[in-house]
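Numbering follows our numbering, in which position 102 of the sequence shown is assigned residue number 102; successive positions increment by one, without gaps. C-beta atoms are modelled at their ideal positions from N, C-alpha and C, and glycine is treated no differently.
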Amino acid sequence: MSTIPALAGAPAATHGAGAAERAAEGVAARVGRALEAVFEAVAETAAETEALLTRVAAEGRRPATADLAALRPGLHLRLSREELASGVGFIAEPGLLSDVPAWLEWWQSTGEGDVRPLLLDLDPGRSAYADYTHWDWFALPRDTGRRAVAGPYVDYLCSDEYSLTLSAPVEVAGRFAGVAAADVYLRHFETAVLPLLRELPGPAYLVNARGRVAVSADPAHLAGSLTRGPDFAAVLERARPAARGEVRLVPCRPVPLVLVMGAGLGSAASGEAAREVAGRGASSAPSAT
Numbered sequence: 001m002s003t004i005p006a007l008a009g010a011p012a013a014t015h016g017a018g019a020a021e022r023a024a025e026g027v028a029a030r031v032g033r034a035l036e037a038v039f040e041a042v043a044e045t046a047a048e049t050e051a052l053l054t055r056v057a058a059e060g061r062r063p064a065t066a067d068l069a070a071l072r073p074g075l076h077l078r079l080s081r082e083e084l085a086s087g088v089g090f091i092a093e094p095g096l097l098s099d100v101p102a103w104l105e106w107w108q109s110t111g112e113g114d115v116r117p118l119l120l121d122l123d124p125g126r127s128a129y130a131d132y133t134h135w136d137w138f139a140l141p142r143d144t145g146r147r148a149v150a151g152p153y154v155d156y157l158c159s160d161e162y163s164l165t166l167s168a169p170v171e172v173a174g175r176f177a178g179v180a181a182a183d184v185y186l187r188h189f190e191t192a193v194l195p196l197l198r199e200l201p202g203p204a205y206l207v208n209a210r211g212r213v214a215v216s217a218d219p220a221h222l223a224g225s226l227t228r229g230p231d232f233a234a235v236l237e238r239a240r241p242a243a244r245g246e247v248r249l250v251p252c253r254p255v256p257l258v259l260v261m262g263a264g265l266g267s268a269a270s271g272e273a274a275r276e277v278a279g280r281g282a283s284s285a286p287s288a289t
């Protein structure tokens with residue numbers, strides 16, 4: 001991927017360009033605040049899970065699914081509190097629990113305002129979903145030690161809805177134990193942030209660290225498509241605006257999304273096909289990119 005020069009310290013070409021950059025930074029900050037509330041819920045789940053697993057380890061035993069029931073009051077509270085969150089929970093590293101090979105302690109909100117558990121068959125001999133370790137919402141926090149935004153994708157595992165998954169690693173005594181996560185329906189996120197993108201003076205959209213478009217007000221870059229060119233992970237790592245030609249790249253601090261404003265970047269795929277590629281059940285083995 002290409003190297004992107006930072007904007008910091010570079011003079012704006014015109015007064016209008018400077019105003020556009022300030023507008024983009026303002027919108028990026030508002031997008032960041034919109035998702036940060038969900039990430040705060042994820043952080044609370046991670047902290048509760050780490051405390052629970054630490055207590056179990058102090059008893060000299062491995063945790064079991066029954067132990068994770070202690071997380072449920074907090075998960076229910078977060079679902080009722082966070083308007084954008086449609087599901088929350090903890091996904092265990094395979095082999096962590098003593099009584100099952102894999103487990104999702106996952107709860108979802110219903111259209112009636114109730115919450116219900118996600119009940120899955122994770123038997124590796126029967127279920128296509130038994131190995132969830134390669135999906136981005138699990139793999140990125142595990143491999144980087146950082147929180148991540150995965151998707152959008154068709155969430156065949158939980159809801160059959162186009163969704164984003166926000167996740168963060170759970171560690172006990174320095175060892176990876178799984179991820180805390182929350183799902184956000186794409187339609188709800190679009191309702192929250194599309195009006196902000198449309199305030200900008202040029203075409204604009206949001207991408208995750210892998211360049212997948214999360215929400216777009218640019219018809220050339222549809223939600224679910226992949227954007228070629230910039231190293232978006234590097235933009236997030238540096239945490240400051242950058243440029244690629246006429247395109248402005250602004251991190252939506254503190255969440256791992258980048259606001260892209262301006263024309264000129266290529267799209268590797270678009271529309272329904274791209275959304276299906278990003279889906280958990282789009283191929284013989286579920287995947288999320």
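Output yes or no for whether 8 Å exceeds the beta carbon distance between residue i and residue j.
i, j, result
"Leu-75", "Thr-45", "yes"
"Leu-200", "Val-27", "yes"
"Gln-108", "Val-115", "yes"
"Pro-256", "Glu-36", "no"
"Ala-209", "Phe-189", "no"
"Ala-239", "Leu-249", "no"
"Ala-41", "Ala-92", "no"
"Leu-71", "Leu-52", "yes"
"Ala-43", "Val-172", "no"
"Gly-262", "Glu-237", "no"
"Thr-133", "Pro-94", "yes"
From which residue to which residue does the alpha helix (DSSP H) around residue i run?
i, result
"Gly-74", "72-81"
"Thr-65", "65-68"
"Glu-105", "Glu-105 -> not in any alpha helix (DSSP H); beta strand (DSSP E) instead, spanning 104-109."
"Ala-139", "136-144"
By how many angstroms is the C-alpha of residue j removed from the C-alpha of residue i?
i, j, result
"Thr-3", "Arg-61", "At Thr-3 the pLDDT is 34, less than 50, meaning the model places this residue with poor confidence; the figure from the coordinates comes in the next sentence. Taking the straight line joining both Cα atoms gives about 48 Å."
"Ser-284", "Leu-104", "Any reading at Ser-284 must be qualified, since the residue scores a pLDDT of 27, below 50, and its modelled position is unreliable; the value itself is stated next. So the two alpha carbons sit approximately 21 Å from each other."
"Ser-20", "Leu-196", "Rather than Ser, the amino acid found at residue 20 in this sequence is Ala. Going by the C-alpha atoms only, they are around 13 Å apart."
"Val-260", "Ala-204", "5 Å"
"Gly-281", "Val-154", "With a pLDDT of 33 at Gly-281, under the threshold of 50, the predicted position of this residue should be treated as unreliable, though the coordinate-derived value follows. The straight-line gap from Cα to Cα measures roughly 8 Å."
"Gly-18", "Val-193", "22 Å"
"Gly-113", "Arg-81", "11 Å"
"Leu-222", "Glu-50", "38 Å"
"Val-258", "Glu-59", "44 Å"
"Asp-136", "Val-170", "15 Å"
"Ala-8", "Gly-202", "Here Ala-8 scores only 36 on pLDDT, less than 50, and its place in the model should not be relied on; the value that follows carries that caveat. Rounded to whole angstroms, Ala-8 to Gly-202 spans 21 Å at the Cα level."
"Ala-217", "Phe-90", "33 Å"
"Pro-73", "Ala-150", "26 Å"
"Pro-152", "Asp-183", "10 Å"
"Asp-67", "Glu-83", "28 Å"
"Leu-118", "Arg-22", "43 Å"
"Ala-47", "Asp-131", "25 Å"
"Pro-219", "Glu-25", "21 Å"
"Val-235", "Cys-252", "10 Å"
"Leu-370", "Ala-181", "Given that the chain is displayed from residue 1 to residue 289, the structure contains no residue 370 and the question cannot be resolved."
"Leu-102", "Arg-198", "Per the sequence shown, residue 102 should be read as Ala rather than Leu. Their backbone Cα atoms lie some 43 Å apart in a straight line."
"Arg-55", "Leu-120", "27 Å"
"Gly-174", "Tyr-162", "34 Å"
"Phe-138", "Trp-106", "14 Å"
"Gly-111", "Gly-224", "25 Å"
"Ala-29", "Leu-77", "27 Å"
"Ala-34", "Thr-191", "11 Å"
Note the first and the last residue of the continuous beta strand (DSSP E) segment covering residue i.
i, result
"Pro-152", "148-154"
"Glu-237", "Here Glu-237 belongs to no beta strand (DSSP E); instead the alpha helix (DSSP H) covers 232-238."
"Thr-191", "Here Thr-191 belongs to no beta strand (DSSP E); instead the alpha helix (DSSP H) covers 186-197."
"Ala-242", "242-244"
"Pro-117", "115-117"
"Val-213", "213-216"
"Tyr-294", "The requested residue 294 does not occur in the structure, where the chain is confined to residues 1 to 289."
"Val-207", "204-207"
Beta-carbon of residue i versus every beta-carbon of chain C: anything under 8 Å?
i, result
"Arg-253", "Here chain C cannot be found, since the structure has a single protein chain."
Quick test of your reading: residue i and residue j, contact by CB under 8 Å. State the CB separation rounded to the nearest angstrom.
i, j, result
"Ala-177", "Arg-147", "Not quite, the Cβ-Cβ distance comes to about 15 Å (not below 8 Å), so this is no contact."
"Pro-141", "Val-179", "5 Å"
"Phe-39", "Leu-166", "6 Å"
"Leu-97", "Ala-64", "6 Å"
"Leu-206", "Ala-214", "5 Å"
"Gly-229", "Arg-244", "6 Å"
On the DSSP bridge list, what partners appear for residue i?
i, result
"Gly-95", "Note: Gly-95 sits in no beta bridge, so no partner."
"Pro-169", "Val-179"
"Pro-251", "Val-258"
"Gly-174", "Answer by DSSP bridge pairing: none, since Gly-174 is not bridged."
"Leu-164", "Val-184"
"Val-88", "Trp-107 and Ala-182"
Return yes when the C-beta of residue i is under 7 Å from any heavy atom of the ligand NAD, and no when it is not.
i, result
"Glu-161", "The model depicted lacks the ligand NAD and carries no ligand whatsoever."
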